[in-house]
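Each step along the sequence shown adds one to the number in full-length UniProt numbering, with nothing skipped, and position 401 is 401.
Heads up: the structure comes next, in structure tokens.
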Amino acid sequence: MTGADDKIDVSEIEELTPPDRTLMGPGPSDVHPRVLRAMTTPLVGHLDPSFVEIMNEVQELLRYTFRTDNQWTIPVSGTGSAAMEAAIGNVVEPGDTMLVPTNGYFGGRMASMARRAGGDVVEVDAPWGEPLEPANVSDALAEYDPDVFGFVHAETSTGVLQPNVSELTAAAHDHDALVIADTVTSLGGVELRVDDWDIDVAYSGPQKCLSCPPGASPLTLSETAMEKVLSREEDSRSWYLDLSLLEGYWGDERAYHHTAPVTNVYALREALRLVAEEGIEQRWARHERLAGALKAGMEGMGLEMNASDEYWLPSLNAVRVPDGIDDGEVCAELLERYDLEVASGLGDLDGEIFRIGCMGHSARPKNVVYVVTALGDVLESMGADVDPGAGVSATRSALEE
Ligand SMILES: *Cc1c(COP(=O)(O)O)cnc(C)c1O
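Here it is, written out as structure tokens:
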């Protein structure tokens with residue numbers, strides 16, 4: 001141990017050379033070289049006229065990606081959880097009731113944040129690995145009359161895509177509840193239409209389907225949601241994430257609140273430019289096609305998907321761990337042998353699934369063939385009943401379609 005009074009021998013702390021991983025886990029995903037390049041450009045001040053222009057561009061690109069006209073669309077300084085806390089901590093006032101789902105890890109996080117905001121939490125149940133049923137949401141809305149309803153559009157812990165979003169938001173609005181959507185693993189990866197689907201507040205993260213390093217996280221609020229935020233009786237409990245204060249910086253005024261993470265904003269701008277160049281709908285289609293080939297490979301080698309096809313989430317594929325196999329050992333072996341990151345399950349699905357991301361720049365034929373080949377190899381070497389060759393051919397056929 002080195003203490004404060006000792007000299008440090010910096011030759012022992014080598015220049016940074018992280019391993020060259022292929023990132024196919026639940027995030028971060030592989031970053032596009034153009035985004036990395038944007039991050040090596042010189043800083044300007046966060047109030048520099050040139051940066052104000054960049055802020056405008058990022059906001060415009062975010063609106064495009066979220067499919068919204070919401071004026072209140074910004075990157076929050078911090079990771080996806082910061083945007084999540086900005087949403088929940090501002091919209092939920094002390095004494096409010098928030099309805100949250102129980103079908104995954106991130107619904108649980110919503111509940112923790114709502115409680116810290118002074119809210120009461122009520123739940124709508126569905127098992128881990130299944131989406132919410134609109135009828136159950138309607139029943140819960142009628143029973144509890146919540147002020148806010150939160151749901152997870154793409155549940156990264158279970159590989160489930162919530163269908164029927166418009167039905168859920170219509171039911172919530174019938175009960176005068178505002179809707180907060182977790183779109184961390186859906187923005188820029190699977191179909192998401194904030195305005196058409198009447199979502200009041202959506203937050204996301206940059207390091208999933210946008211393939212950008214974590215650090216500046218998308219958030220959008222409708223005028224109705226923002227009215228509630230700006231007419232709060234009590235200030236939000238977080239100063240840093242208080243949207244009424246952030247409005248001074250991201251609104252027309254452009255006044256100092258905190259120093260924007262300039263480099264992360266550059267990165268997000270370039271990542272969003274890539275989205276706009278590709279076209280948002282084309283991007284959704286690419287994820288579906290590439291992840292479809294990944295899924296075909298898994299099923300082709302004899303593995304089973306955890307989520308049924310109707311609510312399969314292309315950006316995060318939950319694959320059942322075959323009998324007699326230790327998921328942790330498989331993940332460690334993939335990292336060791338192939339420099340490949342995939343994740344194991346958590347919560348109710350601990351030990352039961354692999355979580356294989358197919359996000360943004362990672363959603364490429366080369367990555368998909370690689371993950372199918374590598375997983376087949378590792379599983380076979382551990383004695384699992386799989387046919388890796390059949391997996392690779394199924395992937396190849398799907399890619400040729
Ligand atoms: C990753 C993730 C988050 C949290 O984002 P961080 O960037 O890790 O803070 C929230 N919700 C979902 C669905 C996620 O996948």
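Beta carbons are placed, not taken as given, at the ideal position from N, Cα and C, and that holds for glycine.
Neighbourhood of Gly118 by C-beta, 6 Å cutoff - its chain only, sequence neighbours within 5 removed
If we look at Gly118 and ignore the five residues flanking it on each side, its Cβ neighbours are Pro94.
If you measure from each CB to the nearest heavy atom of ligand 1 and keep those under 7 Å, what residues do you get, in chain order?
Sorted by position in the chain, Pro26, Gly27, Thr79, Gly80, Ser81, Ala82, Met84, Phe106, Arg109, Val152, Ala154, Glu155, Thr156, Asp182, Val184, Thr185, Gly205, Gln207, Lys208, Pro214, Ser217 make up the residues whose C-beta lies under 7 Å from a heavy atom of ligand 1.
First and last residue of the beta strand (DSSP E) that includes Ser72?
Looking at the sequence provided, one finds Trp at residue 72 rather than Ser. Its beta strand (DSSP E) spans residues 72-78.
Tell me whether the region 281-294 and the region 374-390 touch, counting them as touching only if at least three CB pairs, one residue from each stretch, are closer than 8 Å.
In short, these stretches do not touch, since the Cβ pair count stays below three.
Among Phe354, Val319, Thr263, which residue has its Cα nearest to the Cα of Val35?
Of the candidates Phe354, Val319, Thr263, the one whose C-alpha sits nearest the C-alpha of Val35 is Thr263.
Nearest candidate by alpha-carbon position, reference Pro163, set Val137, Val148, Leu178
If we check each option's Cα against that of Pro163, Val137 comes out closest.
Where Asn136 falls: helix, strand or coil (DSSP):
Here Asn136 sits in helix by DSSP.
When the Cα atoms are used, what is the spatial distance from Ala332 to Pro388?
Cα to Cα, the separation comes out at about 19 Å.
Using a threshold of 8 Å, state whether the C-beta atoms of Val160 and Glu133 are closer than that.
Here Val160 is not near Glu133, since their CB atoms are 8 Å or more apart.
Given a cut-off of 8 Å, decide if Val10 and Val229 are closer than it, judged by their beta-carbon atoms.
For Val229 and Val10, no; Cβs fall outside 8 Å.
Assigned secondary structure, Leu145 (DSSP; H/G/I helix, E/B strand, else coil)
Looking at the sequence provided, one finds Asp at residue 145 rather than Leu. Three-state DSSP puts Asp145 in coil, outside helix and strand.
As an exercise, report each continuous alpha helix (DSSP H) stretch of at least 4 residues that is fully enclosed by the region 274-351, in chain order.
Those alpha helix (DSSP H) runs which fall completely within the region 274-351 and span 4+ residues are 280-300, 327-338.
Tell me which residues share the same chain as Ser362 and place their Cβ nearer than 8 Å to its Cβ, disregarding the 5 neighbours each side in the sequence.
These residues qualify, in order along the chain: Thr22, Leu23, Met24, Ser29, Asp30, Ser211.
In three-state terms, what does DSSP make of Pro101?
DSSP places Pro101 in strand when its eight states are reduced to three.
The beta strand (DSSP E) spanning Val165 covers which residue range?
For Val165, there is no enclosing beta strand (DSSP E); the residue is found in the alpha helix (DSSP H) stretching over 165-174.
Suppose you measure from the CA of Tyr370 to the CA of Asp339; what does that come to, to the nearest Å?
C-alpha of Tyr370 to C-alpha of Asp339: approximately 11 Å in a straight line.
Roughly how many angstroms separate the alpha carbons of Leu316 and Asn306, rounded to a whole number?
Rounded to whole angstroms, Leu316 to Asn306 spans 11 Å at the Cα level.
Leaving out the 5 sequence neighbours to the left and right, which residues in its chain are closer than 8 Å to Leu168 when beta-carbon positions are compared?
So the list reads Leu132, Pro134, Val137, Phe149, Phe151, Gln162, Val179, once near-sequence residues are dropped.
Here's the rule: buried if 16 or more other CB atoms are within 10 angstroms of the residue's CB, otherwise exposed. What is Thr158?
By the neighbour-count rule (16 or more Cβ atoms within 10 Å), Thr158 is buried.
Count the other CB atoms, across all protein chains shown, that sit within 10 Å of the CB of Asp176; report buried if there are 16 or more and exposed otherwise.
Residue burial annotation: Asp176 is exposed, with fewer than 16 other C-beta atoms found within 10 angstroms of its C-beta.
Just to confirm my understanding: we take Ser397, look at its own chain, exclude 5 residues before and 5 after, and list those with CB closer than 6 Å. What are they?
Excluding sequence neighbours, Ser397 sits near nothing in its chain.
At a cut-off of 7 Å, is Tyr64 close to ligand 3 when judged by its beta-carbon and the heavy atoms of the ligand?
Of the ligands one can find in the structure shown, namely ligand 1, none is ligand 3.
Between which two residues does the beta strand (DSSP E) harbouring Pro218 extend?
Segment 215-221, the beta strand (DSSP E) holding Pro218.
Have a look at the DSSP bridge pairing and note the partners of Ile180.
According to DSSP, Ile180 bridges with Gly150, Val201.
What do you get for Ala86, buried or exposed, if any count of 16 or more other CB atoms within 10 angstroms of its CB means buried?
Note on Ala86: 16 or more other CB atoms within 10 angstroms of its CB, so buried under the neighbour-count rule.
Tell me, which residues are paired with residue 413 by DSSP?
The question about residue 413 has no answer here: the residues shown for the chain are numbered 1 through 401.
Within 10 angstroms of the Cβ of Trp239, are there 16 or more other Cβ atoms? Answer buried if so, exposed if not.
So Trp239 counts as exposed.
Who are the Cβ neighbours of Pro26 in its own chain at under 7 Å, not counting the five residues just before and after it?
Thr156, Leu316, Ala343, Arg355, Gly357, listed in sequence order.
Helix, strand or coil at Glu247 [DSSP, three-state]:
Note: Glu247 maps to helix in three-state DSSP.
Residue nearest to Asp48 in terms of C-alpha spacing, selected from Pro18, Arg115, Ala255
Nearest of Pro18, Arg115, Ala255 to Asp48, Cα basis: Ala255.
Top-ranked residue by Cα proximity to Ser231, from Leu245, Glu336, Ala394, Asp5
Of Leu245, Glu336, Ala394, Asp5, the smallest CA-CA separation from Ser231 is found for Leu245.
With distances taken Cα to Cα, identify the nearest neighbour of Asp323 among Glu304, Leu313, Leu335, Tyr311.
For the options Glu304, Leu313, Leu335, Tyr311, the alpha carbon positioned closest to that of Asp323 is the one of Glu304.
In this structure, how does DSSP classify Leu230 when only helix, strand and coil are distinguished?
In the displayed model, Leu230 falls within a helix according to three-state DSSP.
Check whether Thr220 and Val184 have beta carbons under 8 Å apart
With a cutoff of 8 Å on beta-carbon distance, Thr220 and Val184 are scored as not near each other.
So, are the CB atoms of Thr79 and Ser217 less than 8 Å apart?
Yes, the Cβ-Cβ distance between Thr79 and Ser217 is below 8 Å.
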